[in-house]
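Numbers 3 to 228, taken from the numbering used here, label the letters of the sequence shown in order.
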Amino acid sequence: MLVTNPLTAAGLSALLSEVGISLPAGAASLLVRHAGEMLRWNRSIRLTAITAPEEVAIKHILDSLLLLSFAPFPGRTLDFGSGAGYPGIPLAAALPDAHVVLVESSAKKCAFLSHTCTLLGLRNAEVVRGRLEPRRPLPLGRFEQIVTRATRSPQEAAKVLVPYLLPGGRLLLMTGPGEMVRRPTRGRAVEELPPGARHGARLPFTLPHGMGVREIREIRLAGDAT
Numbered sequence: 003m004l005v006t007n008p009l010t011a012a013g014l015s016a017l018l019s020e021v022g023i024s025l026p027a028g029a030a031s032l033l034v035r036h037a038g039e040m041l042r043w044n045r046s047i048r049l050t051a052i053t054a055p056e057e058v059a060i061k062h063i064l065d066s067l068l069l070l071s072f073a074p075f076p077g078r079t080l081d082f083g084s085g086a087g088y089p090g091i092p093l094a095a096a097l098p099d100a101h102v103v104l105v106e107s108s109a110k111k112c113a114f115l116s117h118t119c120t121l122l123g124l125r126n127a128e129v130v131r132g133r134l135e136p137r138r139p140l141p142l143g144r145f146e147q148i149v150t151r152a153t154r155s156p157q158e159a160a161k162v163l164v165p166y167l168l169p170g171g172r173l174l175l176m177t178g179p180g181e182m183v184r185r186p187t188r189g190r191a192v193e194e195l196p197p198g199a200r201h202g203a204r205l206p207f208t209l210p211h212g213m214g215v216r217e218i219r220e221i222r223l224a225g226d227a228t
């Protein structure tokens with residue numbers, strides 16, 4: 003049980019320090035404000051089922067920042083299915099030199115994302131409304147990395163998202179217990195991923211305070227990153 007309110011800048015910083023995450027000056031305050039706006043908007047549009055302060059801090063904010071294990075994040079990053087802004091907004095706040103594109107299909111959620119990015123002054127975050135579909139690609143260009151918490155199998159996510167990667171780019175899939183299945187055999191991995199893509203690192207994490215387990219899976223596209 004947390005003693006300090008985790009949805010204050012001091013409380014969030016203390017919580018993140020438990021797992022070795024430190025943020026640049028002012029970033030914790032931005033993330034607390036983002037969470038507050040999410041909970042306020044959640045009264046009228048469904049952004050999240052997670053509303054208890056400790057759960058918001060751990061399952062949304064801290065969980066998103068586990069992606070910093072794969073830092074640095076050069077060039078452009080795409081957050082697919084951004085929803086309430088996780089993990090894209092925490093990444094934009096933690097990495098002010100990165101450029102993060104938040105893609106979301108819901109008009110109401112896009113309105114929330116645009117409002118929040120403006121409120122927080124996140125000039126390195128961009129909101130795009132749309133769906134990523136193989137037959138109807140969005141004119142987004144290509145990215146050095148793509149992150150997603152959306153619920154798809156690694157193979158389904160790779161089929162949709164790998165075409166948006168630059169050569170040498172990486173797709174980072176954030177999965178919970180339901181998706182933490184065994185890695186395919188080497189032969190099947192080649193068959194199930196798009197041409198040029200391969201499985202990379204798999205990093206398991208245990209969230210603090212008994213909040214569950216997570217795994218980040220990396221899929222890399224062949225080529226030299228530029």
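By construction, the Cβ of each residue, glycine as well, lies at the ideal position given by its N, Cα and C atoms.
Have a look at residue i and residue j and give me their C-alpha separation to the nearest angstrom.
i, j, result
"S116", "V129", "6 Å"
"G143", "T6", "43 Å"
"G1", "L167", "The shown model of the chain, from 3 to 228, leaves out residue 1, and the question about it has no answer."
"L173", "L223", "8 Å"
"F75", "L175", "15 Å"
"S108", "T150", "16 Å"
"L205", "G13", "26 Å"
"L163", "R45", "32 Å"
"L41", "S84", "16 Å"
"E158", "V105", "17 Å"
"A27", "L124", "14 Å"
"A100", "C119", "14 Å"
"L140", "C112", "16 Å"
"E20", "V215", "16 Å"
"S24", "A73", "13 Å"
"T77", "I218", "According to the sequence provided, residue 77 is Gly. The question's Thr does not apply to it. Their backbone Cα atoms lie some 20 Å apart in a straight line."
"F82", "F114", "16 Å"
"L17", "H201", "31 Å"
"M213", "P169", "36 Å"
"K161", "V102", "21 Å"
Helix, strand or coil: which one does DSSP assign to residue i?
i, result
"R42", "helix"
"R35", "helix"
"A94", "helix"
"D65", "helix"
"P49", "Looking at the sequence shown, residue 49 is not Pro but Leu. Coil."
"E217", "strand"
"F75", "coil"
"G212", "helix"
"A27", "coil"
How would you write the range of the alpha helix (DSSP H) that residue i sits in, first residue to last?
i, result
"P156", "P156 to L163"
"T120", "A109 to L122"
"L17", "A11 to S19"
"G202", "Taken as a continuous stretch (DSSP letters only), G202 belongs to no alpha helix (DSSP H), being part of the beta strand (DSSP E) at A199 to T208."
Taking Cβ to Cβ, would you say residue i is nearer than 8 Å to residue j?
i, j, result
"H36", "L122", "yes"
"L69", "P89", "yes"
"H62", "I52", "yes"
"A29", "A86", "no"
"E146", "T208", "no"
"I91", "A54", "no"
"P165", "I221", "no"
"A59", "S31", "no"
Does any CB atom of chain C fall closer than 8 Å to the CB of residue i?
i, result
"G171", "Here chain C cannot be found, since the structure has a single protein chain."
Between which two residues does the beta strand (DSSP E) harbouring residue i extend?
i, result
"L175", "L167 to T177"
"A59", "Segment: none, A59 is in no beta strand (DSSP E) and carries neither H nor E."
"E128", "A127 to R131"
What does residue i pair with, by DSSP beta-bridge criteria?
i, result
"D81", "L104 and V149"
"L223", "A199"
"E135", "R138"
Closer than 7 Å: is that where the CB of residue i sits relative to any heavy atom of the ligand SAH?
i, result
"I91", "In the structure on display, the ligand SAH does not appear, and there are no ligands present to speak of."
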